[in-house]
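Novice:
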Amino acid sequence: MTVIRGATTISADEPDAIRCAVKELLEQIESRNSLKRDEIVSIVFSSTSDIHSFYPAKAAREAGFASCSLFSAQEPDIDGGLALCIRAMLFVERNFTPRHVYLRGARVLRKDIAQKYNIAIDGPAGSGKSTIAKLLANDLGILYLDTGAMYRACALAALRAGVDISDEAAVILLMRSVCVNVTYEGGVQHTLLGTEDVTGLIREPEVSKAASAISRHESVRMKMAEMQREIAGKMSCVLDGRDIGTFVLPDADFKFFLTASPEVRARRRYDEFAAKGRAVDFEALKRDIIARDEQDSTRAIAPLKKADDAVMIDTSDMTVEEVLAALKNKMQEKI
Ligand code: DC
Numbered sequence: 002m003t004v005i006r007g008a009t010t011i012s013a014d015e016p017d018a019i020r021c022a023v024k025e026l027l028e029q030i031e032s033r034n035s036l037k038r039d040e041i042v043s044i045v046f047s048s049t050s051d052i053h054s055f056y057p058a059k060a061a062r063e064a065g066f067a068s069c070s071l072f073s074a075q076e077p078d079i080d081g082g083l084a085l086c087i088r089a090m091l092f093v094e095r096n097f098t099p100r101h102v103y104l105r106g107a108r109v110l111r112k113d114i115a116q117k118y119n120i121a122i123d124g125p126a127g128s129g130k131s132t133i134a135k136l137l138a139n140d141l142g143i144l145y146l147d148t149g150a151m152y153r154a155c156a157l158a159a160l161r162a163g164v165d166i167s168d169e170a171a172v173i174l175l176m177r178s179v180c181v182n183v184t185y186e187g188g189v190q191h192t193l194l195g196t197e198d199v200t201g202l203i204r205e206p207e208v209s210k211a212a213s214a215i216s217r218h219e220s221v222r223m224k225m226a227e228m229q230r231e232i233a234g235k236m237s238c239v240l241d242g243r244d245i246g247t248f249v250l251p252d253a254d255f256k257f258f259l260t261a262s263p264e265v266r267a268r269r270r271y272d273e274f275a276a277k278g279r280a281v282d283f284e285a286l287k288r289d290i291i292a293r294d295e296q297d298s299t300r301a302i303a304p305l306k307k308a309d310d311a312v313m314i315d316t317s318d319m320t321v322e323e324v325l326a327a328l329k330n331k332m333q334e335k336i
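Last residue of the sequence shown: 336 in this note's numbering, with the numbers rising by one and none dropped.
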């Protein structure tokens with residue numbers, strides 16, 4: 002069963018305006034969700050208290066939605082609420098990701114559709130953040146910013162320059178000349194060091210370790226956080242990292258903290274390497290992940306930590322689809 006939501010407004014409380022708005026809303030919901038009419042089990046309408054002249058359920062029946070059960074109710078009068086608004090909830094006998102439809106000014110009911118918004122997804126390595134962040138961004142048609150890639154690029158610059166990452170002064174000096182940039186090709190993030198595309202190189206295990214070490218330095222964090230805020234300030238995006246909900250965007254519209262057992266996280270990384278034909282030692286990988294967690298969560302500045310208002314999801318025993326659905330449900334609840 003899938004539930005699709007929709008809303009629309011009318012300009013005056015008149016039967017024809019209600020007929021027309023309800024027909025348009027239901028037809029839009031049908032076409033945007035590729036519904037067959039006989040899949041609709043039931044439609045529940047609610048309308049604001051300034052609508053009296055006609056039942057939306059009757060308008061639906063007249064528009065040809067006659068084989069499902071229909072129900073209309075009136076909402077209480079809420080100060081500051083939308084005027085002359087009709088909401089619908091369709092129950093459909095099939096499982097899919099619904100596309101909710103908001104027409105004629107009712108779009109303001111949907112913060113995510115109507116205006117710029119940011120989603121913060123934090124968590125340790127291998128918790129599923131980047132997989133979920135990418136899918137969610139793609140689903141919502143917004144940008145995905147992988148902030149870990151930016152720290153990885155700084156680490157690669159340090160490794161190449163032979164800089165001792167534990168030497169604060171040397172890192173400060175390095176950061177004056179390091180130029181990290183992100184670009185997008187077909188919605189896929191590319192991380193640049195100067196003009197060089199280092200997207201593939203920064204995934205090497207030694208870069209992972211160095212990224213965790215270099216990200217402890219204030220000079221690195223401040224520079225990266227500023228870039229991240231600038232990008233998030235311009236457009237809707239999903240950002241994944243360690244400190245997005247706590248430090249980079251403490252006012253993010255939606256915040257999640259994903260986690261999973263070290264065993265599961267190491268297994269996911271192991272499988273990723275195996276898929277690329279790379280043989281790695283599972284136990285060594287697990288030790289690295291645990292060491293990285295420890296380093297990331299105990300650093301003084303913006304450590305890996307769940308924001309108080311973030312929703313925590315343990316992904317250990319969940320499929321990717323289940324995690325994605327859980328995030329989307331939580332977002333729906335908040336809208
Ligand atoms: O998400 P990742 O594994 O690509 O991140 C690499 C390292 O970068 C991670 O161990 C800690 C650091 N990092 C950070 O400190 N803050 C972020 N927002 C993202 C990553």
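The beta carbon of each residue, even a glycine, is placed where N, CA and C say it ideally should be.
Determine the burial state of S128: buried for a count of at least 16 other Cβ atoms within 10 Å of its Cβ, exposed for fewer.
Specialist: The residue is buried, with at least 16 neighbouring Cβ atoms inside 10 Å.
Novice: According to the neighbour-count rule (16 or more other Cβ atoms, all chains shown, within 10 Å of its Cβ), is T260 buried or exposed?
Specialist: Flag for T260 reads buried.
Novice: Ignore the nearest five residues each way along the sequence and tell me which others in S50's own chain have a CB closer than 8 Å to its CB.
Specialist: For S50, where only same-chain residues beyond five positions count, the Cβ hits under 8 Å are Q75, E76, P77 and D78.
Novice: Could you give the residue range of the alpha helix (DSSP H) that holds L174?
Specialist: E169 to S178 is the extent of the alpha helix (DSSP H) around L174.
Novice: Checking the sheet assignment: what are the DSSP bridge partners for C69?
Specialist: For C69, which the question treats as bridged, DSSP gives no partner whatsoever.
Novice: What separation, rounded to the nearest whole angstrom, lies between the Cα atoms of P206 and A121?
Specialist: Roughly 25 Å separates the two Cα atoms.
Novice: Report the partner residues of R88 according to the DSSP bridge assignment.
Specialist: According to DSSP, which records beta bridges pairwise, R88 is partnered with A8 and S47.
Novice: Find the nearest neighbour of L286 within the set E295, G278, D252 and R270, judged by alpha-carbon distance.
Specialist: If we check each option's Cα against that of L286, R270 comes out closest.
Novice: Once you ignore the five residues that flank S213 on each side, which residues in its own chain have a CB closer than 6 Å to its CB?
Specialist: Closer than 6 Å at Cβ, skipping near neighbours: R293, Q296 and D297.
Novice: Under the criterion of a Cβ to heavy atom distance below 7 Å, does I122 qualify as lining the ligand DC?
Specialist: Because no heavy atom of the ligand DC lies under 7 Å away, the Cβ of I122 does not count as near it: no.
Novice: Does at least one heavy atom of the ligand ZN sit under 7 Å from the Cβ of D297?
Specialist: No copy of the ligand ZN occurs in the structure displayed; its ligands are the ligand DC alone.
Novice: Does the segment 97–109 come close enough to the segment 240–259 to have 3 or more Cβ pairs within less than 8 Å?
Specialist: Contact between the segment 97–109 and the segment 240–259 is absent, because fewer than three Cβ pairs lie under 8 Å.
Novice: Span of the alpha helix (DSSP H) holding M223?
Specialist: Where M223 is concerned, the enclosing alpha helix (DSSP H) stretches over E219 to K235.
Novice: Taking just the CA atoms, how far does L328 sit from T132?
Specialist: T132 and L328: Cα-Cα distance of roughly 13 Å.
Novice: Which residues in the same chain have their Cβ closer than 6 Å to the Cβ of F97, if we skip the five residues on either side of it in sequence?
Specialist: Excluding sequence neighbours, F97 sits near T3.
Novice: Which same chain residues, not among the five before or five after S73, have their C-beta less than 6 Å away from its C-beta?
Specialist: Correct list, in chain order: F46, Y56, P57 and A58.
Novice: Check M313 in the structure and name its three-state DSSP category.
Specialist: The answer is strand: DSSP assigns M313 an E or B state.
Novice: Decide if R95 is buried, meaning its Cβ has at least 16 other Cβ atoms within 10 Å, or exposed.
Specialist: Exposed is the call here.
Novice: Does the count of Cβ pairs from the segment 221–235 and the segment 188–202 closer than 8 Å reach three?
Specialist: Not touching, per the Cβ criterion.
Novice: Which of the three DSSP states is assigned to F257 in this structure?
Specialist: F257 falls in the strand class under three-state DSSP.
Novice: Using 10 angstroms around the beta-carbon of A147, count the other beta-carbons present and answer buried if the total reaches 16, otherwise exposed.
Specialist: In the sequence under discussion, the amino acid at residue 147 is Asp, which differs from the Ala named in the question. With 16 or more Cβ atoms within 10 Å of its Cβ, D147 is classed as buried.
Novice: Count the other CB atoms within 10 Å of the CB of E231; is the residue buried (16 or more) or exposed (fewer)?
Specialist: Its Cβ having fewer than 16 others within 10 Å, E231 is exposed.
Novice: Please state whether DSSP places T132 in a helix, a strand or coil.
Specialist: In the structure shown, T132 sits in a helix (DSSP, three-state: H, G or I).
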